[in-house]
Every structure is written in C-alpha cells, then in structure tokens.
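Student: With the working numbering applied, the sequence shown has no gaps in its numbers, which climb one by one up to 1068 at the end.
Have a look at the structure that comes next, please.
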Amino acid sequence: MNSKKKIVTLAGVSLVATAGVVASTNEVKADTTSDNVQTEVKSQTADQQAQAKVDQAQSNVNSASQATSAAQAQLDSANAANSAAQADVNSQQAIVNDAQAKVDAATSSVSTAQDAETKAQQNADQATSANIRKAQDAIANQEAQISKDTDAINNANKAVSDAQSTVDAAQKKVNDATTARDNQQKNVDATNDAVKNAQAILDNSDQAKKQAQDALNQANQKVADATTAVNNKQTDVNNAAEAKKNADEALKNANDAQTSAQKNKDAKQAVADDASAALADANAAVKDAQAKVDAINDKLASFNTITLPAGYKDDLIAYYNYFGNSNYNQDEANNLAQDLLKYRDQAMSQNKFKDNLSDDRVVDIDNLNSTDRAELSQFVASLINQVRTQMGTNLVISSPAADDYAEQVSQNYNKDNWNSADNGKHDQSALNNATDQLNISWNGENMGLDQSIFTTDYTVLTDGTKLPTGNKQTINDLKHLIYDDFISMMFDDADSAWGHATNFAGIDNFAAEKQAVGFSLDKFYNTHYDLVEANQKVEENSYTLPSINALTQKLADAKDDLSIKQTDQASKQKANDDAQNALSSANQVLVAAQNDVKDKTATAQNANDNLTAAQKALAALQNQLSADQSNQKQAKTTFDSFDADLATKQANLQKATDSLKAEQGRLAIAQADLDNANKALSNANNNLAQKKQVVENNKEALKADNDKLVQLQNNLSDLQNAPKLLATAKEQVATAQKALADAQEAYNVANDKLTSLKQTAAGTATNVSKAQQALAEAKNNEATAKEALNQAQQELVKLQQKEALAKQVAEEQAKLAAEKEAKDNGYHIENNQVVDAKGNSVNGWTVKGNQIVSPTNATVDSAVSETTNVNVDSKGQVQPQTSVTTNGVKTVAATESANPVSTTTVQTREQYKQQLKSNNQLPQTGNNDSAVLSLAGVALAAMLSLFGIKKREY
C-alpha cells in the first residue's frame, strides 16, 4: 500500500508540473512594459529552476559516481575475499586429499592386519597336539625325502664321475690317436723326405748334403729343447700330484665334519620335536583353560542383575505394613505409595538389560517348547531371588511342575478368551482350574500386558529398545521383555498399589514358605508370572538356577587353573625355545660343514684337473721328445748315407720308397683309429651330458624339497607359537584400527573444515555476484544521472539563450517605447536637460552626451525616432535584413522573403495583430509606416517554439 501511495504521489507531482508548464505558456502578453517585466521575472525564475535542475543533476551524478566507486571498491573487496576464500579451499582440499590418502593407506593396513589375524586365528585353531605331531611327522618324512634326494644326487654324481672317466678315457684315446695320426703323418713326411734325400744322395747333390747337415743340426737342437721341456713339466706334475693329495685329505676331513654335524643336528632335532610336542600340549591346555575363563566372563558380562536402591526395601515394607495399621488412612497410604516412585528413575538407570549372544536363537512364541519355557522360567526365578535376597525373604525355585502350571494357566486364559489387557483383571477361574487340574496351589500371579507386542510395527520397551514384529523372536528378546516387565513391576507400580512388587519381593502374607515360579505367554501375548506353593510335586527335579556368586567362584577356579597351565606353558615354551635354538645352531653348523665339503670338493676337483692337465702336457712333451729323437736318428742316417757307394745309395732309395708306402699305409690306419676314437668320445660326451642332466634334475628336486622343508618347519613353528602369533596379530589389528580411526578423524576434521571453507567461498562468490550486479546498477545509475545532467545542461543553455534573447527584446522594446514617447512628446535637449515639446522638464529623463536617456536607461537621439523592423515568414523564421531610412527613422527590411508580411505598407495595430495571429506571432507595441514585425515578436516566437506550445485538447 505504501508503494502504491508513493506511485500516486509521484504521478500527482508530474501532473502539477505539466500543468505549470501549460499554465505558464498558455498566454503571453507583451503589450505593455509591465508585461515584459513580468515575463523577465518569470524567465529568471525558470533560469533559477533550470540551474537548480542542473545542480541537482550534477549532485546526482556526483552521488552516482561515488556510488559507482563504492560499488567498484566493494567488488574489489569481494573479489579479494573470494580469491582468499578459494585459496583457502584449494589449500584445504590438498590437506583433505592427503588425509584421504592416509585413510586409504590405513584402511589397506587394517585389511592386511585383519587378513594376518584371520590366518593367525586359523593357525591357532589348528594348533592341536595332533596337528603339531602331524607337522613334525611331515618334517621327518620331508627330511627322509631330502636324504633320498641327496643319495640320488650322490649316485648321479658318481654316474657323472664314471661317465666323465669314460669321456676322459675316450678323450685320451682321441688324443693318443691324434698324436699317433700326427706322428704317423710326420713319419710319412719324414719318409717322403727320406725318399727325396735318397734320391738326392744318389744324385750326389752338394746342396742336398748341406741340407742334410742342417737338418741334423736342427734335429739335435729340438731333442735338446724337448728334453728340457719334459724335465720342467715333470716338476709341474709332481707339484700337482702333491696338491691333489692335500686337497683329497682336506675333503676327507670336511666329509667327516659334515657327518658329525649331521648326527648332532639329528639329535637336536629329536629333542626339539619332543619339546615342540610338549609345548603343543601345553598350548592346547592353555587354550582350553582360557576358553573356559572367557565363557564364564561372557556369562558374567551378560548376567542380568537387579539392584534395589538404598531405602527402597524399608519403604516397600513400610508401605505394605501400613495396610495393617489400626489408624489406616487412605491418603497416607497414597502418599506412601507415591513415595516409592522416588526410586524409579534411579532404579531404571542402574538396572539395564544385558544382551547375550548365545541367546540369539530364534523361537516360535506361539509354540514355545518345554526347554524354552524352562529357560525363561529360570531367568524369572533368578531375577526374583536377587530381589528376595536383598529383601531378606524366602527364595523361589523353578521346576518342570511350576512351568506346567504356568502353561496350563495360559491355556485356561486362552480357553476363556480372557485378554487382561482389555478388561484389566486376572482370570481367577483359570488359576483355580489349573490348581484343580494339576493339584498345585497358586499364591499369586503377576502379568505383563504386552498384547500389542509383536503385532504392531514394533514395541518400544521401557529402556527404548524396539522389538520387531512377528512371532519369530529370539530367546534374548524374550528375556529382555521379561526384564522390562520386572523393572516396571518393581519400581513403577504405584497404579497397582505396588501389588506386583510385593508379590516378587515375597512380603505378601499370601506367600507360602516355599514358592516356585513358572512363566508362560497366552495367545494375546500377555506374560504370566505364576507363583505357586512348592509342594513335593513342584520341588521334584527342580532346576539349578544360575547364580552370579556361583559364576564368580567358577571364574576364580578357572583363572587358577589357567594360571597353572600358563606357568606350565611358559616352562614348555622356554624348553621349546632352547631346543629350537639348539637345533638352529646345529643346523647352522651342518650348513657350514656342507658348504665346507662343497668348497673342498671343488678344490679337490680343481687339483685333480690340474694334475690331469699337467700329466697330459707331460705326455705330449714326451711324445714330442720321442718324435724329435726319431727325427734326429733319421737325420743322422741321412747325413751318413752321402758317404755310401752307388749300390748302397740305390738300395737306400728303394728302401726309402718301400718305407714311404708302408708309412702311408700306417697313416691310413691311424686316421681310421682317430675317427673311431672321436666317435667313441662323442658317445661318451652325450652320455656324460645325460648324467649331468640327471644331477641337475636331482638338484632341482632337492631344492624343491628343501623349500618344502622350510615351509613345513615354518608351519610347525607357527603351530608351536600360535598364541604369540595370534596375540601379535591382534595387537597389529588394534594398532592398524587405531591408526585408521585417527586418520579417519583427521580426515573428518579436515573435510568439515573444507566444507565450511567451501560454504564461505560460496558466500564470497555470491557476494562477488551481488557486487557485480551492484556495480552494473551503479554504473547504469551513473550513466542515467549523466544523461539527466546533460539534458538539464542543454535545457539550461536553451533557457539561457532564450533569456538572453528576451532581455535583448525587452531592452529594444524599452528603447522603442522611449523613442515613441520622446517622438510623441517632442522630447529634446535644452540646457542639458530633457524637455518636451512645450519646454517642460521631463522627470526621470537625463542627458548623456548628445543623447537623451529614458528612466529605463534607453538611449534616444534627440528629436529622432528609430525603429528596427524584421521580416518574419509564416513559420516564424527571421529573414535576412537590410536597413533603410524613411522620414528620418531608420528601419530594417528583408532582402528576400518567400512570404513577406509587408515591406512599405503601414498597418494599424489591429491589422498587425490579425496578421500576427495568422503567422502564430505575438504582437508588438506600435507600427511604423513599414508593415514589419519587431524583434520582440521574433524573440517571443522563438521562445514559444522552444516551449513547444500546441493546441490545447480537452
């Protein structure tokens, strides 16, 4: 409404302003000087108004400019704040990313630790004496297999050695055959040379004799060199033989040490196996004892108790006894009943139901079997006895007969279709009939009206627990329901005059000295707690009720047994650790001995190889010496043959020729022997390669069996140390979970801060957007203000131009009026005074130079009348002018005119007004002989055109 009023108000102001303009331009009078003065005053007022508008517009521009600057500053500030906020977000995002990475790493660590714990738990579960013995047997079997593998390798190595010997023998034959072939080739060559020499001798060539002498000299030198080489190599052979002897002795000693280390290791293994078996038995015993302790602790942790607040016992007894007071007063009884309610909150707080996972088995509450009903009845009896122990009253028992009675009561309720939740009463007929049917007297009945339980979406118990719908429930939930009933009946029973509490507490006068309790559910899901007299029938086969004191004693006994077994376990653990350490040391000694045997075997083999090589080299040198000696002998024979007679020389040539043929035959045989030897060597090498491959295969099998042995030994160690490994794994899980929780907490803190920073950044971004909009609006307002200023300035300039012209017209009119007055009255100068035609002094007129000055300060020539005329067309436009003088008065006429008004015609005042109306021009005072418009008419016409006057419309 206020907005609408403001709009109407603004609309009213606009109308008034418009009317003002119309009113001010509706009629213009210029007939008299007073009218001109009025117009000037109005123009000055308009000028002031226009200037005020300009000033206001300039003020608006200044304000708009300041607003723009302020908006820009606000935007700059908002941008800075937004940049800072976004930088904070980016920085925090990096922190969050790092925190997330740590969470991921911690999660992976938890998963790894949990996997290790699972394996450790599985290992602990398998750490039985039987499994440990089985693992030890597996190790023994594996060691036997390794022994077989070792024997196989030894046998294979022997086969390799035999094959190597065969190869060596074959190689020797090849070498010998090669040498024989080479030597035979030399024999052939020598024989061939002998033939050539015999021929040369026969020819008695001096050159041949000289060559024979040179050959003999060379042969003698070779024999000498070969002899030296053989002697030197024999020394090398002797040294290699000694080295082999020493290496064989060292190998023998290493084998003896290995045998001793193996025996020691086997002995330590037997001790370790016995210690391991003993530890396994001790571990199993500790595990069983710990399981018993844990089971009892679980029972204690889930054992539901009832604790009476201090003062409750006395107040409940006082309330009950007040009913026998001779001065009984109902109001006082009500007060006592209400007083008991003061214990309710404390009792509700300190008595909470404890869930038991072992009770999570599901039962059909519409068809509870005798075992389930017996368990629930015993639970009820346990709660009642805890209360009665604190109250100092007789305890109750639980028995099959009491259970049967409670079940019979429920069946009787069902038969009578009696829903106590609807009528709020007990069905005494059902109770009495059960007594008749079973010969069991009842003393009292408490009921929990829980008919809506399991039939609605869920039922909320007193402690806020929601039990699900349906007739399939767990024993744990049923016990929870019973506990909830019990707490309500004991501590929130004022509405029932604390009758339920006194029944359970055993202070009712109707309570028998011996009582039993039975529990049942009727078809309406109301709970029945029936207290009966414990006669002989009821007492028969009564149950042993769970007792927290008995459990506490059992726990103490179990802990003592656990302590004994843990002590024995510690002793067995130390014995096992000692035995395992001794076995480990023996294994290290055995491994060192085995490595020493390996090294010594390599050394012996190397010494043997060196001896063989030296022997081969010696044999080669000896063969070379033998060949050189043979060549020496032949060279001697050849040289001596030059001194024989012709017949002998001829015979020698023939003999040499025959010998060449024989040697060539032997060369063919030697080559054949060499070929056969090479073939045998190839076969021997192939056989050796096969035997070596067998060794490699056996070594691979040994390595695999050794790896398996290590695995079996590790498995045995894991079984023997299962408790330690499991404890360590649990600690690692706990550590990893704590690290994960810490990492998650750090991530949550960082992420919460990031969320806050993002919200801040979103706010700063919104501020930037708003600042941008505000700046755009400010700039728009500034532009609008500047445009308004420009328009106001233009309007002021126009107005100032109009006022200047109006002032000029007014001055000209005043001068014309003064001239007319002077002319009409014959004003002239006499004695430096202005006088009229009669010589009278004219008041207000003065003389300035040769001119007279009117009271309006218009200067007039003495006895001269001058009028300025202009020619105006039909549109009110001033035409170009020329000056003419008629009868001594200066006039101005248009040189050209499309629509001249007049040039020389003298008009009357009315004629001039009429003409001016037809041209939309204002009349001027006075007409001369020339029918032209005065400057006043032109100026006013121009002013009217600026105002934009048009025909009024109604």
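Beta carbons: idealized from backbone N, C-alpha and C, even for Gly.
What does the alpha-carbon distance come out to for the pair Lys688 and Asp832?
Tutor: Whole-angstrom Cα-Cα distance: 16 Å.
Student: If we ignore side chains and look at the alpha-carbon of each, how far apart do Asn623 and Asp577 end up?
Tutor: Looking at the two C-alpha atoms, the distance is approximately 32 Å.
Student: Identify which residue in Asp518, Ala864 and Ala329 has its Cα closest to the Cα of Glu654.
Tutor: Closest by alpha carbon: Asp518.
Student: Ala1008 by DSSP, collapsed to three states: which one?
Tutor: With a pLDDT of 34 at Ala1008, under the threshold of 50, the predicted position of this residue should be treated as unreliable, and no value is reported.
Student: Going by DSSP, what residue range makes up the alpha helix (DSSP H) through Phe633?
Tutor: Element bounds for Phe633: not the alpha helix (DSSP H) but the beta strand (DSSP E), Gln629 to Leu635.
Student: Which partner residues of Tyr643 appear in the DSSP bridge assignment?
Tutor: Looking at the DSSP assignment, Tyr643 forms a beta bridge with Asn560 and Phe633.
Student: In three-state terms, what does DSSP make of Leu511?
Tutor: Checking the sequence, you will find Ile at residue 511 rather than Leu. The answer is strand: DSSP assigns Ile511 an E or B state.
Student: Helix, strand or coil: how does DSSP classify His540 here?
Tutor: His540 falls in the coil class under three-state DSSP.
Student: So, at 6 Å on beta carbons, what are the nonlocal neighbours of Gln464 in its own chain, with the 5 sequence-adjacent residues on each side left out?
Tutor: The residues are Thr421.
Student: Can you give me the C-alpha to C-alpha distance between Trp556 and Phe633, rounded to a whole angstrom?
Tutor: So the two alpha carbons sit approximately 13 Å from each other.
Student: Kindly indicate the opening and closing residues of the beta strand (DSSP E) around Glu944.
Tutor: Its beta strand (DSSP E) spans residues His942 to Glu944.
Student: Would you kindly report the start and end of the unbroken alpha helix (DSSP H) that includes Thr762?
Tutor: Unbroken alpha helix (DSSP H) run through Thr762: Leu760 to Gln834.
Student: Can you tell me whether Pro969 is buried or exposed, with buried defined as 16 or more other CB within 10 angstroms of its CB?
Tutor: With fewer than 16 other Cβ atoms within 10 Å, it is exposed.
Student: How many Å lie between Ala857 and Ala843 at the Cα?
Tutor: Between Ala857 and Ala843, the C-alpha separation is close to 20 Å.
Student: Looking at Ile315 and Ala322, is the spacing between their C-beta atoms short of 8 Å?
Tutor: Closer than 8 Å, so yes.
Student: Report back the beta-carbon spacing between Phe605 and Arg458 to the nearest angstrom; my notes put them in contact at under 8 Å.
Tutor: Between Arg458 and Phe605 the Cβ distance is about 5 Å, and since that is below 8 Å, they are a contact.
Student: Less than 7 Å between C-beta atoms, sequence neighbours within five positions excluded: which residues of the same chain meet that for Ala270?
Tutor: Cβ neighbours of Ala270 beyond the five flanking positions: Lys805, Val808, Val809 and Asn812.
Student: How would you write the range of the beta strand (DSSP E) that Lys456 sits in, first residue to last?
Tutor: Counting along the chain, Lys456 falls outside any beta strand (DSSP E), and DSSP gives it neither H nor E.
Student: Closest by CA to Lys401, which one among Thr717, Ala672 and Phe467?
Tutor: Lys401 has its Cα closest to that of Ala672, out of Thr717, Ala672 and Phe467.
Student: Helix, strand or coil, according to DSSP, for Thr421 in the structure here?
Tutor: Here Thr421 sits in coil by DSSP.
Student: Using CA atoms only, rank isn't needed, just tell me which of Gly953, Asn971, Leu913 and Gly963 is closest to Lys929.
Tutor: Minimum Cα distance to Lys929 is reached at Asn971.
Student: Among Val961, Trp959, Tyr941 and Thr960, which has the Cα closest to the Cα of Gly953?
Tutor: Nearest option by C-alpha distance: Tyr941.
Student: Report all residues from its chain with a CB closer than 7 Å to the CB of Asp339; omit the five preceding and five following residues, and keep chain order.
Tutor: Counting only Cβ-Cβ distances below 7 Å, and skipping sequence neighbours, we find nothing.
Student: With a CB to CB cut of under 7 Å and the five nearest residues on each side skipped, what residues in its chain are close to Ala848?
Tutor: None.
Student: Whole angstroms are fine: how far does the CA of Asn411 sit from the CA of His540?
Tutor: Cα to Cα, His540 sits roughly 41 Å from Asn411.
Student: What is the DSSP secondary structure of Asp1097, counted as helix, strand or coil?
Tutor: With the chain running from 115 to 1068 in the structure shown, residue 1097 is simply not present.
Student: Suppose the cutoff is 6 Å on Cβ atoms and the five residues either side in sequence are ignored; what does the same chain contact list for Asn720 look like?
Tutor: If we look at Asn720 and ignore the five residues flanking it on each side, it has no Cβ neighbours.
Student: Pick helix, strand or coil for Asp757, following the three-state DSSP scheme.
Tutor: It is coil, neither helix nor strand.
Student: Give the straight-line distance between the Cα atoms of Gly958 and Val967, rounded to the nearest whole angstrom.
Tutor: Distance between the alpha carbons of Gly958 and Val967 is about 9 Å.
Student: Between Asp480 and the rest of its own chain, which residues show a CB-CB distance below 8 Å, the 5 nearest in sequence each way excluded?
Tutor: These residues qualify, in order along the chain: Asn585 and Lys637.
Student: Should the region 290-300 be regarded as contacting the region 772-783, the criterion being three or more beta carbon pairs within less than 8 Å?
Tutor: Verdict: yes, contact present.
Student: So, is Gln694 buried or exposed, given that buried needs 16 or more other C-beta atoms within 10 angstroms?
Tutor: When all chains shown are included, Gln694 counts as buried.
Student: State the DSSP-derived secondary structure class of Val948, mapped to helix, strand or coil.
Tutor: Three-state result, Val948: strand.
Student: Can you give the Cα-Cα distance for Glu944 and Lys167, rounded to whole angstroms?
Tutor: In a straight line, the C-alpha of Glu944 is about 52 Å away from that of Lys167.
Student: Ile253 to Lys382, Cα distance in whole Å?
Tutor: When rounded, the distance between both Cα atoms is 14 Å.
Student: Between which residues of its own chain and Val974 is the CB-CB distance below 6 Å, once the five residues before and five after are set aside?
Tutor: Ala932, Glu933, Ala936 and Ile966.
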